[in-house]
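**Student:** Here it is, the structure, as structure tokens.
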């Protein structure tokens, strides 16, 4: 029961950050030590479905580690449904402390993922550089404005969920780039079943396809993949920088406004441009707290593994 509750909490943490454009649930999965198991379980779903069609229910359940997946997914869903309003409130009312905390989380995660690379040879450094360049390209891309029709929502779900399980690239940020973030977040907050059904169907397709590919990469070229992910996460720091100036806004059909295009500023530039305090000391403290939290969780996880051995 204790392990199940802990796993559920990890799922909730993944769901909470997936609501925020710029921070990925995949990063949380890496930090908490369930990333490889999560990908392997998701990749085994097609095999489990085949077993289920043959009437082998128990074998199907075991093949995809369904108990593990169920607990994690329940944590993610419950967190998204309950914390969407809280995260939205913090993003509007206390953006600097929120982004500062996430900045610390991502920064320390770059170190932890980079440490997974056994030897930093030339090809690993090149993979890191490609990941960094890709993240910067995605992060600095100009937002689009797509129509929220069923086909677009379905494809957006497939793309966004693929980004959500990639550490460093946020599915929510992909939705921002597509101009669909207010549509989806508004549907979650207001339980718009029609929109959510189409979007979730796309998410299921993306999960089944992309998780299998990523699981294969981690099994066969782990060092190159980890180096790429470390670069990806380092590049994503541009998006989670706490001091931003919003250039354009987007409004969903419920009348709620969300930032569409933003630029990063230095703390003193932010204070001059906005006329508000930069909250620099609070931002530094929260970033350090996030770093300490992640290192503490990672230390406890390693200690537990040693005790189990």
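Numbering (our numbering), first residue to last: 1 to 309. Each residue gets a CB set at the ideal place from its N, CA and C atoms; glycine is no exception. This one's a predicted model, so the numbers in the text were calculated from it and none came from an experiment.
Please go through the segment 189-243 and give each complete alpha helix (DSSP H) segment of 4 or more residues, from N-terminal end onward.
**Tutor:** Here the runs fully enclosed are 193-220, 222-236.
**Student:** Going by CA-CA distance only, name the one from 4, 214, 105 that's closest to residue 71.
**Tutor:** Counted from its first residue, the chain shown places residue 71 at position 71. The residue with the shortest Cα to Cα distance from residue 71 is 4.
**Student:** Tell me where the alpha helix (DSSP H) around residue 110 begins and ends.
**Tutor:** Here residue 110 is taken as the residue at index 110 of the chain shown, counted from 1. Where residue 110 is concerned, the enclosing alpha helix (DSSP H) stretches over 95-115.
**Student:** Is there a C-beta anywhere in chain D that falls below 8 Å from the one on residue 161?
**Tutor:** Chain labels in this structure do not include chain D; a single protein chain is all it has.
**Student:** Taking only the alpha-carbon atoms, compute the straight-line gap between residue 241 and residue 103 and give it to the nearest angstrom.
**Tutor:** Your numbering for residue 241 matches position 241 in the chain shown. Your numbering for residue 103 matches position 103 in the chain shown. Their backbone Cα atoms lie some 6 Å apart in a straight line.
**Student:** Rounded to whole angstroms, how far is the Cβ of residue 298 from the Cβ of residue 31, which I believe are closer than 8 Å?
**Tutor:** Start at 1 with the first residue of the chain shown, and residue 298 comes out as number 298. Start at 1 with the first residue of the chain shown, and residue 31 comes out as number 31. Residue 298 to residue 31, Cβ: 7 Å. Contact.
**Student:** Using the C-alpha atoms, what's the distance from residue 97 back to residue 118?
**Tutor:** For the purposes of this step, residue 118 is taken as residue 118 along the chain shown, with counting starting at 1. For the purposes of this step, residue 97 is taken as residue 97 along the chain shown, with counting starting at 1. Straight-line Cα distance between these residues: approximately 35 Å.
**Student:** In this structure, what does DSSP give as the bridge partners for residue 261?
**Tutor:** In the chain shown, residue 261 corresponds to position 261, counting from 1. For residue 261, which the question treats as bridged, DSSP gives the partners 248.
**Student:** Does the segment 290-297 touch the segment 270-282, meaning 3 or more C-beta pairs lie closer than 8 Å?
**Tutor:** With a cut-off of 8 Å, the segment 290-297 and the segment 270-282 do not count as touching, because too few Cβ pairs lie within range.
**Student:** Is it true that the segment 89-96 meets the segment 58-69, where meeting means three or more beta-carbon pairs spaced less than 8 Å apart?
**Tutor:** The segment 89-96, when compared against the segment 58-69, does not touch it at the 8 Å Cβ threshold.
**Student:** Candidates 166, 148, 215, 161: which alpha carbon is nearest residue 186's?
**Tutor:** Taking the chain shown and counting its residues from 1, one reaches residue 186 at position 186. Among 166, 148, 215, 161, the Cα nearest to that of residue 186 belongs to 148.
**Student:** Given a threshold of 16 other Cβ atoms within 10 Å of its Cβ, counted over all protein chains shown, does residue 58 qualify as buried or as exposed?
**Tutor:** Within the chain shown, residue 58 is the residue found at index 58, counting from 1. Looking at its Cβ environment, which holds fewer than 16 other Cβ atoms inside 10 Å, residue 58 is exposed.
**Student:** Pull up the distance between the alpha-carbon of residue 221 and that of residue 36, whole angstroms please.
**Tutor:** Taking the chain shown and counting its residues from 1, the one referred to as residue 221 is at position 221. Taking the chain shown and counting its residues from 1, the one referred to as residue 36 is at position 36. Each residue's Cα considered, the two are about 13 Å apart.
**Student:** Assign residue 75 to buried or exposed, taking buried as 16 or more other Cβ atoms, counted over all protein chains shown, within 10 Å of its Cβ.
**Tutor:** As a working note, residue 75 is residue 75 in the chain shown. So residue 75 ends up on the buried side.
**Student:** Throw me the rounded Cβ distance for the residue 235 and residue 136 pair, which I believe falls under 8 Å.
**Tutor:** Indexing the chain shown from 1 puts residue 235 at position 235. Indexing the chain shown from 1 puts residue 136 at position 136. The Cβ separation is near 5 Å, so the contact holds.
**Student:** Going by DSSP in three states, residue 267 sits in which element: helix, strand or coil?
**Tutor:** As a working mapping, residue 267 is identified with position 267 in the chain shown. Residue state, collapsed to three classes: helix.
**Student:** Quick one: give me the first and last residue of the alpha helix (DSSP H) that residue 34 is part of.
**Tutor:** For the purposes of this step, residue 34 is identified with residue 34 of the chain shown, where counting begins at 1. Residue 34 -> no alpha helix (DSSP H), and no H or E assigned at all.
**Student:** Using three-state DSSP, classify residue 137 as helix, strand or coil.
**Tutor:** On the chain shown, position 137 is the one that residue 137 refers to. Residue 137 falls in the helix class under three-state DSSP.
**Student:** Are the CB atoms of residue 110 and residue 233 within a distance shorter than 8 Å?
**Tutor:** Stepping through the chain shown from its first residue, residue 233 is reached at position 233. Stepping through the chain shown from its first residue, residue 110 is reached at position 110. For residue 233 and residue 110, yes; Cβs fall inside 8 Å.
**Student:** Going by beta-carbon coordinates alone, are residue 210 and residue 165 separated by less than 8 Å?
**Tutor:** By one-based count along the chain shown, residue 210 stands at place 210. By one-based count along the chain shown, residue 165 stands at place 165. In contact: residue 210 and residue 165 (Cβ atoms closer than 8 Å).
**Student:** When the Cβ atoms of the segment 154-164 are set against those of the segment 188-201, are three or more pairs found closer than 8 Å?
**Tutor:** Verdict: yes, contact present.
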